[in-house]
Structure formats: structure tokens, C-alpha cells
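Numbering (this note's numbering), first residue to last: 279 to 448.
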């Protein structure tokens, strides 16, 4: 039987896995480490890849999910550092938007964060997300729609809270 190598074209897979991981744990060295762990495991277990169960990216994202879970389990402390806001102009606005989005995402449930990370971090379709999670495509589409609705609500709430705080001088 001819074996399919799921890692025969690794470059686009690395980018997609990294983007997903970065959505889940933040951009930077930790995301690089988790992505590296994902591919180390994939290399070790590449013979277990079954093309009939989905695309290589789905298989890799399943591995990445376990690596992320372990990352959070083994992490001893999470430190929230205040953002540096000394950048002028557009960079400052972009940074503020990213921080606002990150804060809104952190207030969502785990499932919502994961769905949004699969969709926008790993750039997966609803069908591909369904393969990774073992769900029906329609269920993923509905869940993703609801997750995005909750994210919008969080963003609106945070903007109105910031406006109220500014108006009262807090």
C-alpha cells in the first residue's frame, strides 16, 4: 500500500498551524514553540496519518490542539503586562484595536475562541473545521456565526464601557 506523506509540502502547513496557534496563545516565541512541538510530533507519527479522515492540515491542527492544551496545563504563571502605547499614529490605533480584540476574545468561551482561531487564524473553511472537530459542517457554521455574534457584542460592550469611563473621568 502506498503511503501518503502529509508533510511533503510543509511550508504552507507551518504558516497555517502557526497562525492558528498564535490566535490561541498569542504571537511570538510561545507560539513558535508550540508550532515546533506540533511538527515534531507530526514527524514522529506521520505514519498514523490517514488521508481518508481528512486533509493534512486537519490532522496537524488536531495535534496542535493537544500541544496548546499541554502548553496551558504546564504553564506555571500567566503574566498580563500592560501594553506600551508610545507608538504614534496608525500604529497606536492598530495596537489599540488589537488589544481591544484580544480582550474581547479572552471574555469568550473556550469553544468560541477555538472556532474563531480555526476560521481566521488557520484560515480553515467550515467543512475543514468540522473535520478537525468531528462535527457536521452545518453545526460548525451555526456555532461560528454565534461565536462571531458574541465577539461583536463583547466589542460593542467594551467600546461603550470605555466611552462611559471617559465621560465620567475614570
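Built from N, CA and C at the ideal position, the CB exists for glycine as well. Just so you know, these numbers come straight off a predicted model, no measurement behind them.
9 Å Cβ cutoff met for residue 345 and residue 315
Here residue 345 refers to the residue found at position 67 of the chain shown. Here residue 315 refers to the residue found at position 37 of the chain shown. A contact, by the Cβ cut-off of 9 Å.
Residue 378 versus residue 429 - alpha carbon distance
Along the chain shown, read from residue 1 onward, the residue named residue 378 stands at position 100. Along the chain shown, read from residue 1 onward, the residue named residue 429 stands at position 151. Roughly 11 Å between the two C-alpha positions.
Could you compute how far the alpha carbon of residue 436 sits from the alpha carbon of residue 396?
Position 158 of the chain shown, counted from the first residue, corresponds to residue 436. Position 118 of the chain shown, counted from the first residue, corresponds to residue 396. Each residue's Cα considered, the two are about 24 Å apart.
Using 8 Å as the threshold, is the region 379-387 in touch with the region 332-350, meaning 3 or more CB pairs across them?
no
Determine contact between the region 325-342 and the region 408-416, defined as no fewer than three beta-carbon pairs at a distance below 8 Å.
The region 325-342 makes contact with the region 408-416; the number of CB pairs closer than 8 Å reaches 3 or more.
Using only CA atoms, which one of 401, 283, 310 lies nearest to residue 329?
Here residue 329 refers to the residue found at position 51 of the chain shown. For residue 329, the closest of 401, 283, 310 by C-alpha to C-alpha distance is 283.
Taking 7 Å as the limit between beta carbons, can you name the residues of its chain near residue 398, skipping five residues before and five after?
Looking up residue 398 in the chain shown gives position 120. Result list for residue 398: 301, in chain order.
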